[in-house]
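Position one of the sequence shown corresponds to residue 39 (this note's numbering), numbered consecutively onward. Cβ coordinates follow ideal geometry from the N, Cα and C atoms, glycine included.
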Amino acid sequence: MASITETHTVEFAVSATPKVSLAETNGVTLATATLHENIRKTLGGSGSVSTDGAIDFGGVTDGATNYLQATSSGVNVGDGDTRFIWIKHTGYLWSTSSVLSTATTDKITIYIDAEHIASLGAGESWVIPLPDTSSTATNFIVKRGGSSDIAIEAIGLD
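Here it is as structure tokens:
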């Protein structure tokens with residue numbers, strides 16, 4: 039019998055719309071939002087990353103999310119061998135790996151080692167495609183932005 043070859047890939051897409059908000063001026067214009075006057079288009083792209091399929095950080099078990107706890111010292115979501123990272127701010131404080139606590143507007147902060155690279159608000163997510171292993175980054179870390187621990191969803195695939 040022939041063996042079946044497995045190939046693991048993650049396909050991703052991002053999109054952003056730069057906008058300008060105009061205030062209402064009585065008798066002249068209603069409040070409105072429009073595309074940025076110089077950019078004049080949405081921005082985006084897509085791609086794919088091959089992985090070995092191993093979930094080394096974060097997780098989902100049989101489709102159920104295992105929430106991670108973003109603390110003041112942080113939670114690891116990737117390392118130098120990680121090929122794809124997905125991070126989502128749940129918008130809730132940490133309770134357990136399966137139960138969310140109360141809503142929060144505190145941000146989470148994302149680091150590569152000691153370098154702050156991004157901040158996410160409630161409901162926001164970010165992908166970090168890494169088609170090649172990193173020779174310099176040792177840890178991708180998510181920390182809470184306020185005084186309370188925040189529940190995040192994250193997956194780091196090797």
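Rounded to the nearest whole angstrom, the CA to CA distance from SER84 to LEU73 is 21 Å. Setting aside the 5 residues that flank it on each side, ALA61 is surrounded in the same chain by ALA69, each with a C-beta closer than 7 Å to its C-beta; the list follows chain order. For ILE77, no beta strand (DSSP E) run applies, since DSSP gives it neither H nor E. Taken through DSSP and simplified to helix, strand or coil, LEU68 comes out as coil. For ILE193, the closest of GLY116, LYS79 and SER110 by C-alpha to C-alpha distance is GLY116.
A residue is called buried once 16 or more other Cβ atoms fall within 10 Å of its Cβ, and ALA102, having fewer, is exposed.
Restricting attention to SER53, SER133, GLY129 and GLY82, the CA atom closest to the CA of ASP144 is found in GLY129.
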